[in-house]
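J.:
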Amino acid sequence: MPHLPDFFASQHNLHEKAVLDEGPNSTLFAVEDGSTHEEFTVEIFAAKAKGIVKASTALHGLHHPALAALVGSGTTADGQEFLVRKGCKGTALPTLADAPTKPRAQEILTPVAGAVDFLISRNHADFAVHGLNADRVFVDEDNKVAVLAAAGPGGASTTEESAENDGEKSSEETAEKTSEKAESATGADAVRAFQELVAATCPSFTPEEDYSSAKEVVAALRPERDLDTSQFPSVQAEEPESQPQQHFPPQPQQQFPPQNQAGPQYQPQYQQQYQQQYQQQPMPPINAAPPKKKGKGGLIALISVLAVIAVAAAGALWFFLSYPSWDAKEKNLVEAYPSLIGSRSGQDGTLGAECSSRTPEDGQEAKITCSGDGFSYTAAYYPSVEERDAVLPDTDPVELSNDRCTIQSYEASKDPMTYVMAVEGTQSIFMVWGDDAESARLKLPLCAQ
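Residues in the sequence shown are numbered from 189 upward in steps of one, following my numbering.
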């Protein structure tokens with residue numbers, strides 16, 4: 189039985205809780221921080237595996253709810269490379285009390301399918317293949333989500349490369365070869381590995397075809413129902429910009445929650461009411477001789493109709509004065525982000541923040557600010573993507589993903605806490621500030637419709 193090297197307790201105050209899985213290329217440990225009691229996993233690779241730490245830098249730009257986040261990496265005193273990730277709650281797939289039914293397996297594995305397709309879309313199918321080990325997939329029964337505990341660079345290709353070179357090449361050359369060999373894992377390989385995981389988890393599942401994505405595999409578990417696949421990104425090649433390596437000690441994972449629904453739309457209802465009441469009034473006969481005495485009934489009816497018209501007109505006037513419409517350029521923002529900005533000025537956007545028009549700054553075409561309880565946010569629209577990119581902070585962003593888009597978040601100030609946020613390829617930029625800005629920015633629906 190392997191044991192966590194003393195290096196981790198003496199250097200990082202991490203203490204072994206359990207051995208989660210032992211494989212030919214790496215061993216996965218559950219550990220606990222001796223100071224904070226926070227739980228992590230440590231994956232230690234075989235001595236011949238090189239280039240793991242270098243390859244793991246790509247994980248810093250890959251955030252998904254079903255991927256355990258990387259928080260540190262390094263090399264032990266014996267020269268073995270290791271990765272530290274956030275801990276995973278729940279039970280490993282093979283140790284579930286009962287073999288899941290097809291509907292239950294679909295519920296458990298849909299988040300994992302989303303993570304697999306996400307990694308394929310970011311040109312890291314090899315990370316998915318390495319992580320799709322049943323003993324390293326954990327199911328949180330309370331939250332009903334499954335998480336890949338060890339998705340990332342693997343040790344197989346590095347070990348082979350080291351053996352071929354018999355130690356004659358430098359670690360840098362080996363790392364370069366490792367990257368080339370890892371990229372040989374294709375999206376089809378990742379989908380096939382996921383299909384095998386599903387079949388092992390749910391024995392009643394029999395694959396009937398070659399699937400083009402992981403979402404198709406989970407859809408086949410219950411074909412009679414339409415599966416909501418909105419959380420899955422389209423599978424296309426897109427290499428993210430290299431993110432700077434974040435070294436030990438661990439840092440908290442940041443995630444971008446799902447998008448809120450748009451608020452209700454309000455329209456004046458006075459027209460139908462007026463028409464109904466007006467139609468109820470009797471029409472006077474044509475060419476009829478005028479009566480000698482005018483009754484009071486007609487006068488009362490006329491006064492009632494005029495009163496209804498006056499009230500309706502006043503209501504309409506109040507509505508349009510209280511909630512003026514956006515101008516043509518502001519509508520570009522509203523149409524792109526209907527859940528973020530109210531349909532008219534003065535109405536609420538997201539999180540109960542009231543939105544209003546602002547004078548655009550130099551280079552901007554439109555600007556709308558929404559103020560909430562403890563935070564405010566501004567959305568600005570630029571003539572082009574290039575002009576928007578030119579005003580972004582000249583620092584490295586943190587990337588947040590909710591499967592619909594990847595958001596770049598920059599910390600602009602601490603007093604007050606201020607964040608600048610943008611989605612690659614769009615013409616909009618967002619600023620969030622206030623005492624609750626840090627939590628509010630994670631809840632804003634910033635993916636364009």
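C-beta atoms are modelled at their ideal positions from N, C-alpha and C, and glycine is treated no differently. Since the structure is predicted, the reported quantities are computational estimates derived from the model, not experimental observations.
#1: Would you identify the three-state DSSP class for His203, choosing helix, strand or coil?
#2: Nearest CA to the CA of Leu307: which residue from Leu297, Gly319 and Ile296?
#3: One question on the structure: do Phe270 and Val230 come within less than 7 Å of each other, judged by their Cβ atoms?
#4: Give me, in chain order, the residues of the same chain whose beta-carbon lies closer than 6 Å to that of Cys543; leave out the 5 immediate sequence neighbours on both sides.
#5: I'd like to check one pair, Arg576 with Gln552: are the Cβ atoms closer than 7 Å?
#6: Do you know how far the Cα of Glu397 is from the Cα of Glu404?
#7: Could you tell me the alpha carbon to alpha carbon distance between Phe326 and Gly278, rounded to whole angstroms?
#8: Rounded C-beta distance between Phe393 and Ala387? I'm assuming under 8 Å.
#9: For Gly613, which option in Thr594, Ala303, Glu204 and Asp623 has the closest C-alpha, if you only look at C-alpha atoms?
#10: Looking at the unbroken beta strand (DSSP E) that takes in Glu220, where does it start and where does it end?
#11: Along the chain, where does the alpha helix (DSSP H) containing Ser627 start, and where does it finish?
#12: Tell whether a beta-carbon distance below 7 Å holds between His203 and Glu220.
#13: Whose C-alpha, out of Pro604, Asp266 and Pro391, is nearest the C-alpha of Ala235?
#14: Let me make sure I understand the geometry here. Which of Asp328, Arg292 and Val335 has the alpha-carbon closest to that of Ala408?
#15: Hey, which unbroken runs of the beta strand (DSSP E) at 3 residues or more fall wholly within the stretch 531-592?
#16: Could you spell out where the beta strand (DSSP E) holding Gly319 opens and where it closes?
#17: Closest to Ala588 by C-alpha separation, out of Val608, Lys602 and Thr547, would be which residue?
#18: Throw me the rounded Cβ distance for the Asp377 and Val304 pair, which I believe falls under 8 Å.
#19: Which whole-angstrom value describes the C-beta separation of Ala334 and Leu297, a residue pair presumed to lie in contact below a C-beta threshold of 8 Å?
#20: Output the residue ranges of the alpha helix (DSSP H) runs that lie fully inside the stretch 224-308 and measure 4 residues or longer, sorted by chain position.
#21: Rounded to whole angstroms, what's the CA-CA distance from Ser597 to Met605? Just pull it up for me.
#22: With H, G and I counted as helix, E and B as strand and the rest as coil, what does DSSP make of Asp603?
#23: Measure the C-alpha to C-alpha separation of Ser527 and Leu580 and round it to an integer number of angstroms.
#24: Taking buried to mean at least 16 other C-beta atoms within 10 Å of its own C-beta, is Ser198 buried or exposed?
#25: If we count the other Cβ atoms within 10 Å of its Cβ and call it buried at 16 or more, is Met619 buried or exposed?
#26: Quick one: give me the first and last residue of the alpha helix (DSSP H) that Asp328 is part of.
#27: Rounded to whole angstroms, what's the CA-CA distance from Lys369 to Gly239? Just pull it up for me.
#28: Excluding five sequence neighbours on each side, which residues of the same chain lie with their C-beta closer than 6 Å to the C-beta of Phe315?
#29: Between Glu227 and Val586, what straight-line distance do the alpha-carbon atoms span, to the nearest angstrom?
#30: Identify, in the order they occur along the chain, each residue of the same chain with its Cβ nearer than 6 Å to the Cβ of Ala381, setting aside the five sequence neighbours on each side.
T.: Quick look at the numbers:
#1: strand
#2: Gly319
#3: yes
#4: Ile529, Gly530, Gly537, Ile556 and Cys558
#5: no
#6: 10 Å
#7: 6 Å
#8: 6 Å
#9: Thr594
#10: Ser214 to Asp221
#11: Ala625 to Ala628
#12: yes
#13: Asp266
#14: Arg292
#15: 542-546, 554-559, 564-569 and 586-589
#16: Segment Ala313 to Gly319 is the alpha helix (DSSP H) holding Gly319; no beta strand (DSSP E) there.
#17: Residue identity differs from the one stated: residue 588 is Leu in this sequence, not Ala. Comparing Cα positions, the closest option is Val608.
#18: Incorrect: roughly 11 Å between the Cβ atoms, too far for contact.
#19: 6 Å
#20: 240-243
#21: 13 Å
#22: coil
#23: 24 Å
#24: exposed
#25: buried
#26: Note, Asp328: premise wrong, no alpha helix (DSSP H); beta strand (DSSP E) at Val325 to Asp328.
#27: Residue placement at Lys369 is poorly supported in this model, since its pLDDT is 43, which falls under 50; the coordinates still yield a value, given next. One C-alpha to the other measures close to 12 Å.
#28: Leu307, Ala339 and Gly340
#29: 23 Å
#30: Val317 and Leu320
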